[in-house]
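Trainee: Starting off with a structure, shown below.
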Amino acid sequence: MILNILTLIFDLGGGTFDVSLLSVLHGKFVVQATTGDTHLGSEDFDDLLVDHCVKEFKKKYNKDITRNVKSLRRLRTACERAKRMLSPSVMTSIDVDYLYEGVDFSTRISRARFEELNKELFTRCTHLIEKCLGDAKMDKTGVDVVVLVGGSTRIPKIQQLVQDFFDGKKLCKEIHPDEAVAHGAAIQAANLIGQRDKEVQKLVLVDVTPLSLGVDTVDEGMSVVVPRNTPIPTKLKRGFETSYDNQTSVRIAVYEGESAETKYNNLLGEFEIDGIDPAPKGVTKLDVWFDIDADGILTVSAKVKSSGQKKEIVISKQNGELTAAEIQKMIVDAAHYKAEDEKHKARISLEYLAEKLKSMALDSARSASEMKSMEDKAENAIAWLETNHHAEIGEINKQLKELKTSFPALCEEN
Numbered sequence: 000m001i002l003n004i005l006t007l008i009f010d011l012g013g014g015t016f017d018v019s020l021l022s023v024l025h026g027k028f029v030v031q032a033t034t035g036d037t038h039l040g041s042e043d044f045d046d047l048l049v050d051h052c053v054k055e056f057k058k059k060y061n062k063d064i065t066r067n068v069k070s071l072r073r074l075r076t077a078c079e080r081a082k083r084m085l086s087p088s089v090m091t092s093i094d095v096d097y098l099y100e101g102v103d104f105s106t107r108i109s110r111a112r113f114e115e116l117n118k119e120l121f122t123r124c125t126h127l128i129e130k131c132l133g134d135a136k137m138d139k140t141g142v143d144v145v146v147l148v149g150g151s152t153r154i155p156k157i158q159q160l161v162q163d164f165f166d167g168k169k170l171c172k173e174i175h176p177d178e179a180v181a182h183g184a185a186i187q188a189a190n191l192i193g194q195r196d197k198e199v200q201k202l203v204l205v206d207v208t209p210l211s212l213g214v215d216t217v218d219e220g221m222s223v224v225v226p227r228n229t230p231i232p233t234k235l236k237r238g239f240e241t242s243y244d245n246q247t248s249v250r251i252a253v254y255e256g257e258s259a260e261t262k263y264n265n266l267l268g269e270f271e272i273d274g275i276d277p278a279p280k281g282v283t284k285l286d287v288w289f290d291i292d293a294d295g296i297l298t299v300s301a302k303v304k305s306s307g308q309k310k311e312i313v314i315s316k317q318n319g320e321l322t323a324a325e326i327q328k329m330i331v332d333a334a335h336y337k338a339e340d341e342k343h344k345a346r347i348s349l350e351y352l353a354e355k356l357k358s359m360a361l362d363s364a365r366s367a368s369e370m371k372s373m374e375d376k377a378e379n380a381i382a383w384l385e386t387n388h389h390a391e392i393g394e395i396n397k398q399l400k401e402l403k404t405s406f407p408a409l410c411e412e413n
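Using numbering that gives the first Met the number 0, the first residue of the sequence shown is number 0, and each one after it goes up by one.
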């Protein structure tokens with residue numbers, strides 16, 4: 000019986016860290032999720048070791064070398080060498096002749112001390128493994144193979160932390176950590192030039208979207224159509240409606256990013272559908288499709304349901320494509336601004352409900368007193384939003400709850 004093998008790639012290199020979860024079956028590699036940190040790697044470990052030595056030099060000789068570029072460069076070279084030595088050895092020395100103002104520097108550093116200096120960074124690695132598994136909605140017990148890639152995976156503490164995270168599972172270290180990327184690049188090059196090698200032809204990679212994709216709403220919010228880590232190719236649809244009375248055109252702006260506000264995301268392209276028949280707000284409906292092919296080319300189309308009018312835009316991977324570093328920065332920033340995003344979403348929900356109640360108050364089937372009550376409470380909510388721009392999420396949710404409590408049946412209808 001052929002099994003579907005769930006493989007986690009742990010790639011810790013010189014300046015970046017990436018974790019990817021893939022399912023492998025018959026040479027088909029399907030990326031389930033990917034995450035990482037563009038500021039986590041051997042350079043960061045070196046920085047902490049250099050900082051430790053600078054402090055020790057200052058303590059011993061009362062001399063500050065932080066402004067001497069040449070001295071720092073020589074010290075960093077010695078620290079890099081010591082870091083590498085601490086993989087096979089438990090103790091090594093850092094020696095630099097005439098480091099600063101004729102003073103030699105020499106110190107001993109143990110593997111345990113190096114691990115203590117980098118404890119926080121090492122721990123962050125396992126946190127990102129958890130995040131990758133969480134994004135894929137997988138449990139660590141389901142992972143069959145853990146592959147170590149990148150020079151920094153030679154560090155014994157890194158190997159121990161990863162192995163402990165997976166409850167003692169044997170790690171795959173057969174691949175040369177510094178050559179894995181070159182192997183992958185060679186396979187990709189062979190595919191691009193159409194090489195006929197049978198083993199290469201058997202390999203298929205199914206990638207995922209590194210960032211969420213969506214469109215701008217009237218309040219500059221991000222309405223996600225394709226969530227982050229969605230396998231491609233994919234085709235997804237979301238319905239929208241006009242946002243004000245007698246609207247005759249709709250602008251579709253396509254963004255990628257993890258923030259609830261488009262101003263923090265990356266604009267990929269935009270187009271406009273015009274010539275829409277005038278109608279009350281919300282009457283005209285549109286379907287917006289996001290179609291991503293296996294090469295990552297995105298086609299966004301919008302169609303007016305009543306008239307059949309349709310327009311689309313094609314966005315290639317090169318059109319506004321972000322670098323890996325920019326992608327990871329957006330993910331980190333989105334986590335950092337999560338509270339602001341939640342507050343923004345709450346404001347949108349309150350405004351939407353208030354506007355909906357105002358519209359429903361015009362229904363002649365309702366009694367005059369009910370219509371007035373709905374209109375008054377809706378107007379009060381809108382006025383509150385306009386005068387409380389910096390309200391906290393708890394205050395906004397309180398207003399939202401009061402509005403829903405006043406008209407529970409009507410709110411459930413919508």
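C-beta atoms are modelled at their ideal positions from N, C-alpha and C, and glycine is treated no differently.
Would you give the residue range spanned by the beta strand (DSSP E) that residue 221 belongs to?
Mentor: Element bounds for residue 221: 221–225.
Trainee: Does the separation of the CB atoms of residue 287 and residue 224 fall below 8 Å?
Mentor: In contact: residue 287 and residue 224 (Cβ atoms closer than 8 Å).
Trainee: Can you tell me whether residue 210 is helix, strand or coil according to DSSP?
Mentor: Note: residue 210 maps to coil in three-state DSSP.
Trainee: Less than 8 Å separating the beta-carbons of residue 133 and residue 206?
Mentor: No.
Trainee: Quick one: residues in its chain with C-beta nearer than 6 Å to the C-beta of residue 312, no 5 flanking neighbours on either side, listed in chain order?
Mentor: Cβ neighbours of residue 312 beyond the five flanking positions: 268, 270, 299.
Trainee: Can you tell me which of the three DSSP states residue 35 falls into?
Mentor: In the structure shown, residue 35 sits in a strand (DSSP, three-state: E or B).
Trainee: I'd like to know whether the C-beta atoms of residue 272 and residue 303 end up nearer to each other than 8 Å.
Mentor: Yes, the pair counts as a contact, with Cβ atoms nearer than the cut-off.
Trainee: Taking the alpha-carbon of residue 20 as reference, which of 367, 144, 307, 393 has the nearest alpha-carbon?
Mentor: Ranking the options by Cα distance to residue 20, first place goes to 144.
Trainee: Residues in the same chain with beta-carbon distance under 6 Å from residue 420, minus the five sequence neighbours each way, listed in chain order, please.
Mentor: A question about residue 420 goes unanswered here, because the residues of the chain that appear run from 0 up to 413.
Trainee: Is the Cβ-Cβ distance between residue 142 and residue 171 less than 8 Å?
Mentor: No, the Cβ-Cβ distance between residue 142 and residue 171 is not below 8 Å.
Trainee: Between residue 250 and the rest of its own chain, which residues show a CB-CB distance below 7 Å, the 5 nearest in sequence each way excluded?
Mentor: So the list reads 269, 271, once near-sequence residues are dropped.
Trainee: Can you grab the Cα-Cα spacing for the pair residue 386 / residue 279, in whole Å?
Mentor: Answer to the nearest angstrom: the Cα atoms are 27 Å apart.
Trainee: For residue 400, count neighbouring C-beta atoms within 10 Å of its own C-beta (all shown protein chains included) and say buried if the count is 16 or more, exposed if not.
Mentor: When all chains shown are included, residue 400 counts as exposed.
Trainee: Under 8 Å, do residue 37 and residue 209 count as touching if we go by C-beta distance?
Mentor: It is not a contact, given that the beta carbons lie outside the stated cut-off.
Trainee: Under the three-state reduction of DSSP, which class applies to residue 289: helix, strand or coil?
Mentor: Strand at residue 289.
Trainee: Inspect the beta-carbon positions of residue 420 and residue 161 and report whether they are closer than 8 Å.
Mentor: No answer is possible for residue 420: the residues shown for the chain start at 0 and end at 413.
Trainee: For residue 391, name the three-state secondary structure that DSSP assigns.
Mentor: Residue 391 falls in the coil class under three-state DSSP.
Trainee: Using a 10 Å radius around the Cβ and a threshold of 16 neighbouring Cβ atoms, would you call residue 159 buried or exposed?
Mentor: Exposed: under 16 other Cβ atoms inside 10 Å.
Trainee: For residue 107, count neighbouring C-beta atoms within 10 Å of its own C-beta (all shown protein chains included) and say buried if the count is 16 or more, exposed if not.
Mentor: Result: exposed.
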